[in-house]
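Structure record follows, encoded as structure tokens.
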Amino acid sequence: MSTTNLEVLRAEVRAWLAANVSKDWRTAMTGSSQESFVALQRDWFAKMVAAGYATPHWPEGWPGGGRSLAEQKIIFEEVARADAPRLILYFVALYHAACTLFECGTDAQREKYLPGLLKGEIWCQGFSEPNAGSDLASLKTRAERKGDHYVINGQKTWSTMAQYADRCLLLARTDKSGPPQAGLTYLLLDMKAEGVSVRPISQITGDDEFAEIFFDDVKVPVEDLVGEEGGGWAVAQATLASERGLTLVELTQRMRYSLPMIAQTIKDSGRSGDAALRRDLGQVVAKVDAACALADQYLEKRISGTEQVGDASIVKLYFARTLREFTSLGLRASGLQGQYHAGFMRGATQETGNWTVDFMNSYNWSIAGGSDEIQRNIISERLLGMPREPKTWKLAEDKS
Ligand SMILES: Cc1cc2nc3c(=O)[nH]c(=O)nc-3n(C[C@H](O)[C@H](O)[C@H](O)COP(=O)(O)OP(=O)(O)OC[C@H]3O[C@@H](n4cnc5c(N)ncnc54)[C@H](O)[C@@H]3O)c2cc1C
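Count the sequence shown with our numbering and you get residues 814 to 1213, in order.
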């Protein structure tokens, strides 16, 4: 698409968002019940799908799909600029599930699952376990082949939105004998199947956006195997890679467009003349700009095919740190009063202006999708070619 057409697209998306983003979504989501949270997200998801802006990253031939990376970037930038709610309930469905099916699924699986997803089916990701997070390959949930189905037993944890989910992207072990990665198998599991139970995990913010999932002899038909049995590690890598780039552009841009909220908080507190706050605001503005530039640069590398392993880690690491400084400044500026947060916000994964919640939530990004330490390992070992440290320590005694 030519530059002029890109600008036409930008104008179209901007006008549509101006007409459709509800101005009071923060109020509606603050202290909301699970039902009203789901209803709000469903409504916004349906509007975005109908407008063709929820799936610009899908291939041609699918509703809303076939957009170039440059076009997708414009849509994400405009969504951030318009301060639209994040589609947190549909994130796994739109990215992890869909992109995995496009890359590794069969035509039959795409036909079976993607139409339902576009109509609002919710997906969750069941990878992490109590003793397998950073070291994902050590996971123990079992999948045993019995005739035309697999039988699943085990436990997952930290699964975002699992309590609302219709389906789960499950990584389970079919073989214990070889190297840990080789025995993993990737399955699509029906969360309403017999033997699945979900226990939400309460968070410090008052929300429970993720949950534990327990599997007790749950049957998964063999047709819901993605890739080969034992080939689940490669499929899981495709899932994890599916959200790179554009998500970082959106997140950094959201931070940029939320900067006036801090300035407003400082004004409201009557401390516009506070030299220390003004200096720190200046520093945060510069860092947010740098985070946006890093995310843009990364996307340019993807567009030109020059991306290297570790590039995404640099952006994520810098974004996570900047978000902590950003929200910490908001919290400081809001003073004592800001720390009495009246009511949490369900699914509050972006700047909400409720600085206590935002500050606490900012730590999510230092863990989810690979912790800061793991990002540093990737940068040092795979980008800079530094030697791998031998693992001389153990995190937790695993007695299973
Ligand atoms: C908001 C949020 C949403 C999430 N959503 C999902 C989801 O939907 N589905 C899902 O499957 N999982 C999800 N997770 C889980 C996430 O992937 C894991 O929490 C993450 O991979 C870290 O694993 P862990 O919690 O087991 O910590 P551990 O791996 O036990 O790590 C503990 C600490 O040790 C450090 N550490 C570990 N290994 C190394 C190493 N080799 N070198 C240096 N330091 C190391 C870590 O950095 C960390 O500080 C989510 C997590 C969060 C916070």
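No residue lacks a Cβ here, since even glycine has one placed at the ideal position from N, Cα and C.
- Contact check for residue 889 against residue 1001 fails: the beta carbons are separated by 9 Å or more.
- Residue 856 sits exposed, since fewer than 16 C-beta atoms from the chains shown fall within 10 Å of its C-beta.
- By a beta-carbon distance limit of 8 Å, residue 1191 contacts residue 1126. Their separation comes to about 5 Å.
- Closest option to residue 844, judged by alpha-carbon separation, among 1165, 1185, 863 and 1157: 1157.
- Proximity of the beta carbon of residue 968 to ligand 1 is not indicated: no heavy atom of the ligand is located closer than 8 Å.
- When only Cα atoms are considered, residue 852 and residue 830 end up about 19 Å apart.
- By the Cβ-count criterion, residue 832 is exposed, with fewer than 16 other Cβ atoms from all chains shown falling within 10 Å of its own Cβ.
- Under the three-state reduction of DSSP, residue 827 is assigned to helix.
- Linking residue 895 to residue 827 through their CA atoms gives a straight-line distance of about 7 Å.
- Distances between the C-beta of residue 940 and the heavy atoms of ligand 1 include at least one below 8 Å.
- Taking 8 Å as the cut-off, the C-beta of residue 998 does not count as close to any heavy atom of ligand 1.
- Look at residue 1087 here: in three-state DSSP terms it is coil, with no helix or strand label.
- Of the residues assessed, residue 861 falls on the buried side of the cut-off, its CB having 16 or more other CB atoms within 10 angstroms.
- Not a single heavy atom of ligand 1 lies less than 8 Å from the C-beta of residue 1102.
- About 6 Å separates the CB atoms of residue 1136 and residue 1068; that is less than 8 Å, so the two are in contact.
- Bridge pairing for residue 1034: 962 [DSSP].
- Checking the 8 Å criterion, the Cβ of residue 1160 is out of range of every heavy atom belonging to ligand 1.
- In this structure, the straight-line span from the alpha carbon of residue 916 to that of residue 995 is close to 20 Å.
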